[in-house]
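Residue numbers (this note's numbering): 1 to 333. For every residue, glycine included, the Cβ atom is placed at its ideal position computed from N, Cα and C. For clarity, every value in this text was computed on a predicted model and none was experimentally measured. See below for the structure under consideration.
Printed below as a string of structure tokens:
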């Protein structure tokens with residue numbers, strides 16, 4: 001068990017590097033990973049089950065005790081990111097599949113690894129956890145709706161079927177995780193420490209499968225996709241921060257909202273694109289899996305160093321990974 005915990009910590013620390021290495025390997029030897037494309041939905045369900053194991057009723061208390069920051073964050077999540085994606089796709093004149101895939105990336109909820117990034121940035125961890133949980137629960141409605149509004153001109157959108165798929169892939173596994181956590185607490189306590197490892201393996205396989213099945217397209221359009229993802233992530237982080245700052249929220253809230261808005265559940269984006277669009281449409285989410293971990297880590301380090309220089313301690317002990325469910329949510333997107 002100790003070895004698994006150590007391996008899990010190492011994998012979490014070098015997650016972005018792992019994604020990059022396996023993506024290169026999948027590009028060079030696609031036959032190793034192409035067959036895993038059929039299991040993308042199942043793998044994402046495993047990740048969401050892990051999230052369900054870590055959820056607690058306290059994760060939603062800010063919805064009632066301090067609703068304004070939560071509301072601002074959720075509105076920014078589902079308005080800023082799809083709008084940015086649509087604008088970038090239009091300006092770069094992306095092919096229909098890539099344009100729809102970028103909008104899909106902008107329409108999915110926040111990713112769970114954002115909770116850890118907010119902790120490292122000395123931001124408001126409870127707000128981050130609440131935003132991730134709430135945005136995930138409203139995703140069955142908001143994701144298809146945003147796609148219908150922003151991506152319907154490029155590819156046909158079936159909001160009803162997508163609603164059902166998100167329920168199946170996201171909500172049901174989370175509910176099952178909650179049930180297991182409630183009735184098998186001993187199992188949950190033992191499994192939480194290596195949940196990040198399971199999630200990292202699942203996401204790595206998903207991204208590798210997408211790369212392997214799109215080798216030719218990546219060779220010709222990879223730079224364009226990367227530029228679109230870079231702009232999308234950068235503007236999301238920036239506008240999320242500005243929105244919170246304009247409404248005079250605390251610096252800790254500003255960091256939390258910025259990271260939550262900028263970091264997406266790219267695994268869900270890959271799964272939905274693979275089912276409803278084409279493998280090409282999954283590329284923006286696949287690229288984002290690695291890139292947003294890199295930018296999230298850099299931004300968190302920058303904010304933490306600035307906070308240390310000011311001699312402030314904006315994150316109380318109870319919000320550390322050893323005392324909150326943030327550690328349990330140390331699951332990558």
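Look at residue 153 here: in three-state DSSP terms it is coil, with no helix or strand label. Look at residue 111 here: in three-state DSSP terms it is coil, with no helix or strand label.
By the CB criterion at 9 Å, residue 162 and residue 185 fall outside the cutoff. Straight through space, the alpha carbons of residue 219 and residue 73 are spaced by roughly 37 Å.
Residue pairing of residue 264 in beta bridges, as defined by DSSP: 110. The three-state reading of DSSP puts residue 250 in coil, since its state is none of H, G, I, E or B.
Taking C-alpha positions only, residue 258 is separated from residue 239 by approximately 7 Å.
Residue environment for residue 254: buried (at least 16 other C-beta atoms within 10 angstroms of its C-beta). Excluding its 5 nearest sequence neighbours in each direction, residue 178 has C-beta neighbours in its own chain below 7 Å: 52, 55, listed in chain order.
In the DSSP annotation of this structure, the continuous segment of the alpha helix (DSSP H) that includes residue 206 starts and ends at 195-212.
Taking 8 Å as the upper bound for CB-CB distance, residue 170 and residue 286 are not in contact here, some 18 Å apart. Between the beta-carbon of residue 104 and that of residue 139 there is about 12 Å, and that puts the pair past the 8 Å contact cut. In this chain, the alpha helix (DSSP H) harbouring residue 22 covers 15-28.
Rounded to whole angstroms, residue 283 and residue 126 show a C-alpha spacing of 32 Å. A contact is defined here as three or more CB-CB pairs under 8 Å, and the stretch 215-229 fails this definition with respect to the stretch 41-48.
Counting C-beta pairs closer than 8 Å gives fewer than three between the stretch 5-21 and the stretch 85-103, which falls short of the contact rule. Check the Cα spacing between residue 118 and each of 261, 270, 279: the tightest is with 261.
For residue 95, the secondary structure class from DSSP, reduced to helix, strand or coil, is coil. Residue 237 sits buried, since 16 or more C-beta atoms from the chains shown fall within 10 Å of its C-beta. Counting C-beta pairs with one atom in each stretch, the stretch 131-138 and the stretch 288-304 have fewer than three that are closer than 8 Å, which means they do not touch. DSSP assignment within the stretch 27-72 yields the following whole alpha helix (DSSP H) runs of 4 residues or more, N-terminal first: 40-54, 62-65.
By the neighbour-count criterion, in which 16 or more other beta carbons inside 10 Å mark a residue as buried, residue 181 falls on the buried side. In this structure, residue 203 and residue 16 do not form a Cβ contact; the two beta carbons are roughly 11 Å apart against a cut-off of 8 Å. Rounded to the nearest angstrom, the gap between the Cα atoms of residue 131 and residue 174 is 16 Å. Annotated three-state conformation of residue 310 is coil, per DSSP. Taken through DSSP and simplified to helix, strand or coil, residue 122 comes out as coil. Bounds of the alpha helix (DSSP H) holding residue 188 are 185-192. Between residue 111 and residue 233, the C-beta spacing is not below 9 Å.
Annotated three-state conformation of residue 278 is coil, per DSSP. Residue 83 and residue 106 have their C-alpha atoms roughly 8 Å apart.
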